[in-house]
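Numbering of the sequence shown is given in this note's numbering, commencing with residue 12 and proceeding in unit increments.
Since the structure comes first, as structure tokens, the remarks are kept for the end.
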Amino acid sequence: MMILTGKTQPMHPMEPPAYNDEPWSSVAAPPNDPERKTVVVLSSAFGAEITDLLPPYEVLAGAGRFNTYVLAPERHPLPLVNGNMHATSLDLVPHYSFEEYARSVGVTPDLIAIPWFPAYTAERDRAVLDWIKANAGPETLLLTICAGTEILADTGLLAGRTATTNVAWFAKLKDRSPTTTWVLDVRYHDDGRVIT
């Protein structure tokens, strides 16, 4: 992942940023060590919430024990937005697109971290939902950050499980994932393979 600053033109928070050149295109992903577990932090094709993506990435990558990658449907600069869904002054370039990850790394992740995406809809972000479903192996740990639980709920992988989410999301997720047992008044919930 490469963090970029100083956009060359103003942008709407849901549009990919524009740059005059592409210095990011030659930046290589970190090497894959087959002896380490593989962690993937996701972004949508329209970016991610900055405090949902960067802290999990930093903690996991900084541990020095995992192959840690940021993935998105395509590899190009993406905005990091704040909690009010406004663009920040930072953009990121994912390590891999979904296709590049399959070609270059090609392993089922041991952990998939799912942050909140700006202006998320299941229809618009279908590629991410499909990727999660296709790559959540029987031993993959699924970790949602804040309202990222909505994204996991839309994959169907929360059906029959116990989960929590951002307090503002409970009402809509109860209808969208009716077989999920929703736990209020906790910061996180560990349901074995799924941590929300």
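Note that the Cβ used here is the ideal one computed from N, Cα and C, for glycine as well.
Keep in mind it's a predicted model, so treat the numbers as computed, not measured.
Ordered along the chain, which non-local residues of its own chain (more than five positions away) have a Cβ less than 8 Å from that of ILE206?
By 1-based counting over the sequence shown, the position of residue 206 is 195. The residues are LEU152, LEU153, LEU154, THR155, TYR199, HIS200.
Please return the same chain residues whose Cβ sits closer than 8 Å to the Cβ of PRO67, not counting the five positions on each side in sequence.
Counting from one through the sequence shown, the residue named residue 67 turns up at place 56. Counting only Cβ-Cβ distances below 8 Å, and skipping sequence neighbours, we find VAL52, ALA124, PRO126, LEU154, ILE156.
Taking the alpha-carbon of GLY171 as reference, which of THR191, LYS183, LEU184, GLY159 has the nearest alpha-carbon?
Residue mapping note: residue 171 aligns to position 160 of the sequence shown, counting from 1. Nearest C-alpha to GLY171: THR191.
Might you give, ordered along the chain, the residues of its own chain that have their beta carbon closer than 7 Å to the beta carbon of GLY73, omitting 5 neighbours on each side?
By 1-based counting over the sequence shown, the position of residue 73 is 62. Cβ neighbours of GLY73 beyond the five flanking positions: none.
Could you have a look at GLY75 and say whether DSSP puts it in helix, strand or coil?
Mapped onto the sequence shown, residue 75 falls at position 64. Three-state DSSP puts GLY75 in coil, outside helix and strand.
Got a sec, what are the start and stop residues for the alpha helix (DSSP H) ILE162 sits in?
Within the sequence shown, residue 162 is the residue found at index 151, counting from 1. Its alpha helix (DSSP H) spans residues 159-164.
Starting from the C-beta of SER188, find all residues in its chain whose C-beta is less than 6 Å away, skip the five residues before and the five after it, and write them out in chain order.
By one-based count along the sequence shown, residue 188 stands at place 177. Only ALA164, LEU169 meet the Cβ criterion.
Measure how close the beta-carbons of ARG47 and ARG76 come, nearest whole angstrom, since I'm counting them as under 8 Å.
Along the sequence shown, read from residue 1 onward, the residue named residue 47 stands at position 36. Along the sequence shown, read from residue 1 onward, the residue named residue 76 stands at position 65. Confirmed, about 6 Å.
Which residue's Cα is closest to the Cα of PHE57: VAL197, VAL81, ASP136?
Within the sequence shown, the letter at position 46 stands for residue 57. Cα-wise, what sits closest to PHE57 is ASP136.
From VAL81 to PRO41, what distance separates their C-alpha atoms?
As a first step, residue 81 must be located in the sequence shown, where it is residue number 70. As a first step, residue 41 must be located in the sequence shown, where it is residue number 30. So the two alpha carbons sit approximately 11 Å from each other.
Taking the DSSP output, what are the residues bridged to ASP63?
Looking up residue 63 in the sequence shown gives position 52. Paired residue(s): none; ASP63 is not in a bridge.
By how many angstroms is the C-alpha of PHE181 removed from the C-alpha of GLU85?
For the purposes of this step, residue 85 is taken as the residue at position 74 of the sequence shown. For the purposes of this step, residue 181 is taken as the residue at position 170 of the sequence shown. Going from the Cα of GLU85 to the Cα of PHE181 covers about 31 Å.
What span of residues does the alpha helix (DSSP H) with ILE125 cover, start to end?
As a first step, residue 125 must be located in the sequence shown, where it is residue number 114. It is not in any alpha helix (DSSP H) - ILE125 instead sits in the beta strand (DSSP E) that spans 122-125.
Here's the rule: buried if 16 or more other CB atoms are within 10 angstroms of the residue's CB, otherwise exposed. What is VAL38?
Sequence index remark: in the sequence shown, residue 38 carries index 27 (1-based). Burial call: exposed.
Would VAL104 pass as a contact of ASN43 if the rule is Cβ separation under 7 Å?
As a position in the sequence shown, residue 104 is number 93, starting the count at 1. As a position in the sequence shown, residue 43 is number 32, starting the count at 1. Result no, Cβ atoms of VAL104 and ASN43 do not sit closer than 7 Å.
Applying the 10 Å Cβ sphere with the 16-neighbour rule, what's the burial state of ALA145?
Here residue 145 corresponds to residue number 134 of the sequence shown, with the count starting at 1. Exposed is the call here.
Does the Cβ-Cβ distance between GLU134 and VAL92 come in under 7 Å?
In the sequence shown, counting from the first residue as 1, residue 134 sits at position 123. In the sequence shown, counting from the first residue as 1, residue 92 sits at position 81. No. Outside cutoff.
Quick one: Cα of VAL6 to Cα of THR99, how far?
What the structure shows of the chain is the stretch from 12 to 207, and residue 6 is not part of that stretch, so it cannot be assessed.
Please report the straight-line C-alpha distance between ASP121 and GLU111, rounded to a whole angstrom.
Stepping through the sequence shown from its first residue, residue 121 is reached at position 110. Stepping through the sequence shown from its first residue, residue 111 is reached at position 100. Whole-angstrom Cα-Cα distance: 18 Å.
Using DSSP's beta-bridge definition, name the partner residues of ASP141.
Here residue 141 corresponds to residue number 130 of the sequence shown, with the count starting at 1. The partner list for ASP141 (beta bridge, DSSP) is empty, contrary to what the question assumes.
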